[in-house]
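Note sheet for the following structure.
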Amino acid sequence: MSFAGVLPATRWRARSALPGLGLSLGFTVFYLSAVVLIPLAALVIRPWELGWSGFVAEVTQPRVLAALRLSFGAAAIGAVVNTFFGLIVAWALVRYRFPLKRLVDALVDLPFALPTAVAGIALSALYAPNGWLGAPLMSLGIKAAYTPLGVVIALTFIGLPFVVRTLQPVLTDLSRDHEEAAATLGATRFQAFRRVVFPALLPALVTGAALAFARGVGEYGSVIFIAGNLPMRSEIAPLLIIIKLEEFDYAGAASIGVVMLAASFVMLFALNGLQSFTASRR
Amino acid sequence: MRNTSRYLLAAALLLSTGATCAADISLLNVSYDPTRELYKAVNSAFAAQWKAKTGENVTINMSHGGSGKQARAVIDGLDADVVTLALAYDIDSISQIGKLMPGDWQKRLPNKSTPYTSTIVFVVRKGNPWKIHDWSDLIKPGIQIVVPNPKTSGGARWAYLAAWAYAEKKPGGSAEKAKAFIAELYKHVPVLDTGARGSTTTFAERGIGDVLISWENEAYLALDEMGRDKIDIVYPSVSILAEPPVAVVDKNVDRHKSRKVADAYLQFLYSKEGQELEARNHYRPRDPQILAAHPEFKKLPLYDVDDLFGGWQKAQKTHFADGGVFDQIYKPGGK
Amino acid sequence: MSTNLTDRGSTRPRGATDDHPLARTILIALGACFIVLFLVLPLVTVFAQALKNGVAAAMDSIVEPDALSAIKLTVIAAGIAVPLNVAFGLSASWAISKFDFRGKSFLITLIDLPFSVSPVVSGLVYVLIFGMQGWFGPYLREHDIKIIFALPGIVLATMFVTFPFVARELIPLMTDQGRDEEEAATSLGASGWKTFRRVTLPNVKWALLYGVLLCNARAMGEFGAVSVVSGHIRGQTNTMPLHIEVLYNDYQFVAAFAVASLLALLALVTLAVKSFLEWHYADEIAAIHKH
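Chains as they are written, first to last, in this note's numbering: chain A, 14 to 295; chain B, 1145 to 1479; chain C, 3 to 293.
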């Protein structure tokens, strides 16, 4: 944006005047290593028992590819749905007043609090051909439960709070001055939103969507109840990991885990890079 | 904040040690999914008997889950004194990979270490609207079958082998025809749940499918739980002799010094009292008199895995291992 | 909140930053549809199933010993995991939002990583490390230390799964707020710790609260990861979500949903507490937002 030139050019390079970098960064890195990195190292090291070619052969089996495609594809669709509706919900919660607002606000966290298995059972009960929503959908010729659509439904549910909850604080904090300025300069409400509000929300929106996606890719508990689990069609990658484990094939299980991890990592990394890029431009 | 968590940690440790001191002796029985009701009954009967005999209080803790998953947990360090799993292959793995017991564990107790048996039957909707009476009826056009995934469920492996045995052994049957039959059968399956209970729920509660292929004990339990007005049990012309084995985990009982009570616990499963409890929980007892006293266990020809498939090691390798016959059914394009 | 000021009198002429009433109605309707389809109906299903046989039956299945021990275990595990993750979240977001250093984006991504790890895998990693076939299993067994299939393993898995929540709430907000206020405070002679307590913490209070609530809710509701490391010993290592699975598999659907509705209630109650605090401290919040 054109504001970039106005900012002091040295700002992002200057040494901070604040103390505590060593302490806070030290603790951060230590805790991160202990809880996340060392355990994940155990995962990443495992597939090397197979050798590179063994690893590639393992993860390029058609069935593994189909499962990966389903997990990533359904998570992506779920994330898009959540981005769209999440923005609307967050906007309504922050800017409008309507009946039962507090209740709706509280409900948004439900997918976190409800154990995924319970969510899976509840969703499959709802969307099964004899369920409250499954029956009307069935009469429209749409099969929801036990198809890839069921996977998307479960992953939408799982990822819902991420977008709303990432947007909410930013939206609350967002000063209306710029919008007002835009309005005084003759911008329509939509223009003000598109040019002023949306860019300010974009980092949080992208973060929320990415988190919803990342969470969806690995989801297991809620999906197996509603997915159908047919190989090549409605079998998700985490289920394949479980199956490999049942065969005592730790290396094979870890291989699939590593691929999922790597793909998510690359994506999250790109998005975080993009986000700090847009942040620095503002 | 960190003080609080330290305090909580201390409290947690206190609580966990408190729990272990409560009983004189405790055993951990790691079992598979459908045995919950059975071992609830067995445990209280055994504890009473042991108390009367030795004066000691014995508490038996239970862990239930898919048979393969449970075997893996024991191998990874779950402290089981005894294991009571769905099939011999899983206990073989504990012996071979975990090295927790000798390879001849199955010879240490009578009847290949299986105090009770079961078989595979069909569960259909009340009145059997699709007239399903035998395995060949399952692949009639339009029939939908609910059965768990053999990759993750022990019961599903027995079901698969029962179907295979029927197709190979029927007049004019062969291994080739059995393979084609199995492939056709799984084309009628709209949902592969990960466990036996999951399939029963899918069939009974969600209303999916026309027939459920299930453990006999699971079918009777479903009849009790779901109501006799909803479902019927159908016995096919032939099925398989399902033998869920039990074993003491040597390394663990030696460390816990619990071998005596663990041995007695498994012996109890073979006693008259134990056999009666098993029969009442819909497992076929080995004792011929008690079996005869329970006419609900229909007599039908049952194939033995050792005779027909050359034992579980071989059956697992041919059919269920990575790239085995079951995997070949779901080859790309083979929808 | 500043929003309430503009929204207060609906009879007032529409302000420059208010949306057209039609747009507002449509947006609320769309949002409501989505919420009903994906949140209300599943929730109603849970409660409807739980109360099928009446309140008394539901209560019975909650006060039963195995259920109580599951509740206790869940509270203990969350009670350890959440404070640790809060300490981490504050420290990480301080480092990331107030300083510039190389590899920051990489660090943020690493913090996000547990979100993208399948719960199944996050349990598995601890088995690979502490299991009998893993790195330290035999050593731990020799010294009679239990990690997996006991409380420490459950706590570790919970910590892993809920690891990013607090940090993730705080980082975007604190980055957005910049460091001018803190720099002003230190230049006036406040110590770093005091600046953090008096300036930063009040500024991020609500995001922090969100983070803690989410972290806690997720910690108590986690199923997949905990399931791998718990061993499922009834009355000992079953957390609430695992106990629900056990009950469901026992054909005790009502009991299963009763315990599940307890977790759903927890979500509603924590959010009610949050709403109450927001309402109670409305003036204070308005003061923060004024400058």
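Yeah, the Cβ is synthetic: ideal placement off N, Cα and C, and Gly gets one too.
N-terminal and C-terminal residue of the beta strand (DSSP E) that residue i is part of
| i | result |
| --- | --- |
| His-1208 of chain B | 1202-1208 |
| Arg-1372 of chain B | Where Arg-1372 of chain B is concerned, there is no enclosing beta strand (DSSP E), given that its DSSP letter is neither H nor E. |
| Ala-1391 of chain B | 1390-1392 |
| Arg-1269 of chain B | 1264-1269 |
Whole-number beta carbon distance between residue j and residue i, since they are thought to touch under 8 Å
| i | j | result |
| --- | --- | --- |
| Lys-95 of chain C | Leu-172 of chain C | The residue you asked about is not Lys; residue 95 of chain C is Ser in the sequence shown. Confirmed, Cβ separation roughly 4 Å. |
| Leu-127 of chain A | Gly-237 of chain C | Going by Cβ atoms, the distance from Leu-127 of chain A to Gly-237 of chain C rounds to 23 Å, so no, they are not a contact pair. |
| Phe-261 of chain A | Arg-1180 of chain B | Going by Cβ atoms, the distance from Phe-261 of chain A to Arg-1180 of chain B rounds to 25 Å, so no, they are not a contact pair. |
| Glu-184 of chain C | Thr-160 of chain C | Between Thr-160 of chain C and Glu-184 of chain C the Cβ distance is about 32 Å, and since that is not below 8 Å, they are no contact. |
| Gly-245 of chain C | Ala-69 of chain C | Per the sequence shown, residue 245 of chain C should be read as His rather than Gly. Confirmed, Cβ separation roughly 6 Å. |
| Val-1393 of chain B | Ile-1276 of chain B | Contact doesn't hold; Cβ gap of about 41 Å is too wide. |
| Asn-1361 of chain B | Ser-1262 of chain B | 5 Å |
| Arg-1341 of chain B | Asp-1220 of chain B | 23 Å between Cβ atoms; not a contact. |
| Val-183 of chain A | Leu-214 of chain A | 6 Å |
| Ile-237 of chain A | Gly-133 of chain A | 7 Å |
| Phe-132 of chain C | Gly-233 of chain C | At roughly 12 Å, the Cβ-Cβ gap does not stay under 8 Å, so Phe-132 of chain C and Gly-233 of chain C are not in contact. |
| Phe-40 of chain C | Ser-263 of chain C | Going by Cβ atoms, the distance from Phe-40 of chain C to Ser-263 of chain C rounds to 18 Å, so no, they are not a contact pair. |
| Val-1390 of chain B | Val-1226 of chain B | 6 Å |
Assigned exposure category for residue i - 16 Cβ within 10 Å defines buried
| i | result |
| --- | --- |
| Phe-103 of chain C | exposed |
| Val-2 of chain C | Lying outside 3 to 293, the shown extent of chain C, residue 2 of chain C is not represented and no answer is given. |
| Gly-1454 of chain B | exposed |
| Leu-1491 of chain B | With chain B represented from 1145 up to 1479, any question about residue 1491 of chain B goes unanswered, as that position is not in the structure. |
| Tyr-141 of chain C | exposed |
| Met-61 of chain C | exposed |
| Cys-217 of chain C | buried |
| Ala-1166 of chain B | Only weak support is given to the placement of Ala-1166 of chain B: the predicted model assigns it a pLDDT of 42, under 50, and the question is left unresolved by the model. |
| Val-271 of chain C | exposed |
| Gly-221 of chain A | buried |
| Lys-54 of chain C | exposed |
| Leu-1356 of chain B | buried |
Interface flag, residue i vs chain B, CB-CB below 7 Å
| i | result |
| --- | --- |
| Ile-237 of chain A | yes |
| His-22 of chain C | no |
| Asn-143 of chain A | yes |
| His-282 of chain C | no |
| Tyr-159 of chain A | yes |
| Pro-216 of chain A | no |
| Tyr-253 of chain C | yes |
| Gly-213 of chain C | no |
| Met-176 of chain C | no |
Closer than 7 Å to chain C by CB, residue i
| i | result |
| --- | --- |
| Glu-248 of chain A | no |
| Ala-1217 of chain B | yes |
| Arg-207 of chain A | no |
| Pro-52 of chain A | yes |
| Phe-98 of chain A | yes |
| Gly-1351 of chain B | no |
| Arg-1372 of chain B | no |
| Ala-1166 of chain B | The predicted position of Ala-1166 of chain B is uncertain, since its pLDDT is 42 and thus under 50; no value can be drawn from it. |
| Asp-262 of chain A | no |
| Asp-122 of chain A | yes |
| Leu-180 of chain A | no |
Chain A contact for residue i (CB, 7 Å cutoff)
| i | result |
| --- | --- |
| Ala-94 of chain C | yes |
| Phe-165 of chain C | yes |
| Phe-132 of chain C | no |
| Tyr-1474 of chain B | yes |
| Asp-1450 of chain B | no |
Residue i: first and last residue of the uninterrupted alpha helix (DSSP H) it sits in
| i | result |
| --- | --- |
| Leu-249 of chain C | 242-251 |
| Ile-1219 of chain B | 1211-1220 |
| Ala-175 of chain A | According to the sequence shown, residue 175 of chain A is Phe rather than Ala. Start and end: 161-186. |
| Thr-301 of chain C | Residue coverage of chain C in this structure runs from 3 to 293, which leaves residue 301 of chain C outside it and unanswerable. |
Below-7 Å beta-carbon distance, residue i vs any chain E residue
| i | result |
| --- | --- |
| Asp-1220 of chain B | Although the question refers to chain E, the structure presented lacks it and instead comprises the protein chains A, B and C. |
Residues of the segment 1230-1247 of chain B with Cβ closer than 8 Å to any Cβ of chain C, in chain order: Ile-1241, Gly-1242
Near-chain A residues of the segment 109-128 of chain C (beta-carbon distance less than 9 Å), N- to C-terminal order: Using a CB distance below 9 Å, the part of the segment 109-128 of chain C facing chain A consists of Leu-109, Ile-110, Thr-111, Leu-112, Ile-113, Asp-114, Leu-115, Pro-116, Phe-117, Ser-118, Val-119, Ser-120, Pro-121, Val-122, Val-123, Ser-124, Leu-126, Val-127, Tyr-128, ordered along the chain.
Cβ-based contacts, 7 Å cut-off: residues of the segment 45-60 of chain C near chain A: Leu-45, Thr-47, Val-48
Chain A contacts from the segment 1193-1218 of chain B (Cβ-Cβ distance under 8 Å): Gly-1210, Gly-1212, Lys-1213, Arg-1216
Residues of the segment 1335-1346 of chain B whose Cβ lies closer than 9 Å to any Cβ of chain A, in chain order: Within the segment 1335-1346 of chain B, the residues whose Cβ lies closer than 9 Å to some Cβ of chain A are Val-1335, Leu-1336, Asp-1337, Thr-1338, Gly-1342, Thr-1345, Thr-1346, listed in chain order.
Residues, ordered as in the chain, of the segment 235-250 of chain C that lie near chain A by beta-carbon distance below 8 Å: Met-242, Pro-243, Ile-246, Glu-247, Tyr-250
Cβ-based contacts, 8 Å cut-off: residues of the segment 72-85 of chain A near chain B: Pro-75, Arg-76, Ala-79
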